[in-house]
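Just so you know, our numbering puts the end of the sequence shown at 174, numbered straight through with nothing missing. Backbone N, C-alpha and C fix where the C-beta goes; we use that ideal spot for every residue, glycine too. Predicted, not measured: the structure shown is a model, and the values here were computed from it. Structure record follows, encoded as structure tokens.
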Amino acid sequence: MRNCSEHVLQLAIAFGLMAFFTTKTTAGSEQIDAADKRIMVARVKADFQPELLQFGDIVRGKKRNWSDGSLITMVLPSRQNRSFKLMEEGFFSGRGFSLQRHWLQLVFSGRGNPPLYAQTDEEMCELLLETRGASALFYRSVPEACQSLPQITVMVKD
């Protein structure tokens, strides 16, 4: 079995960025069902614990369904979304299409579900609230309407 740092590095390469994941959530429970919506928020913080999350399994294509069998649907920023451009510049070294390409590879290989794309963070939040079992990847801040939902923070090393 690989150690934690190898898994984190593999995940970081898949995204084209150096990411570390923390197990802290506002939900308090690691047992997730489709009714429990998660937000993956990209933020830079000094304190982190490099531990794997279910988010890592989703990103690597090892998990495409919640514990009750329902589909996991990722809500991602489209190319028109300001967050996409920020992620492209800050995390992907100008290669924001890497995120879209990665998800399409997961979908076409049968290891992931088709994501939903939104033009604004507010639209991402609406899709998250309307879609059973949805998760979203925001850059730095979460729209007001989604603040009360459980969050997992994706840590990015400078």
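Query	Result
Minimum length 4: unbroken alpha helix (DSSP H) runs contained in the stretch 89-152	98-106, 113-124 and 137-146
Beta-carbon proximity list for Ser-99, same chain, < 7 Å, skipping 5 on both sides	Pro-93, Asp-137, Phe-154 and Tyr-155
Residues near Ser-125 by beta carbon distance below 8 Å, same chain, minus five either side	Gly-77
Beta-carbon spacing of Val-91, Ala-152 below 8 Å	yes
Burial state of Gly-149 (16 or more Cβ within 10 Å)	buried
Residue(s) in a DSSP beta bridge with Leu-165	Leu-165 pairs with nothing; no bridge assigned.
Nearest-angstrom Cβ-Cβ length linking Ile-168 and Asn-129, presumed shorter than 8 Å	In fact, because the Cβ distance is near 18 Å, the residues do not count as touching under 8 Å.
Cβ-based neighbour list, Ser-157, same chain, cut-off 6 Å, excluding 5 preceding and 5 following	none
Pick from Gln-116, Ala-161, Gln-121 and Val-123 that is closest to Tyr-133, judged by C-alpha positions	Gln-116
Same chain, Cβ closer than 6 Å to Leu-143, neighbours up to 5 away in sequence not counted	Val-91, Leu-132 and Ala-134
Close beta carbons around Pro-159, own chain, < 7 Å, minus the five adjacent residues each side	Asp-137, Glu-138 and Cys-141
Reference Asp-73, options Leu-145, Leu-165 and Leu-122, closest by Cα	Leu-122
Inter-residue spacing [alpha-carbon to alpha-carbon] between Gly-85 and Lys-101	34 Å
Member of Asn-97, Trp-119 and Ser-114 whose CA lies at the smallest distance from the CA of Arg-80	Trp-119
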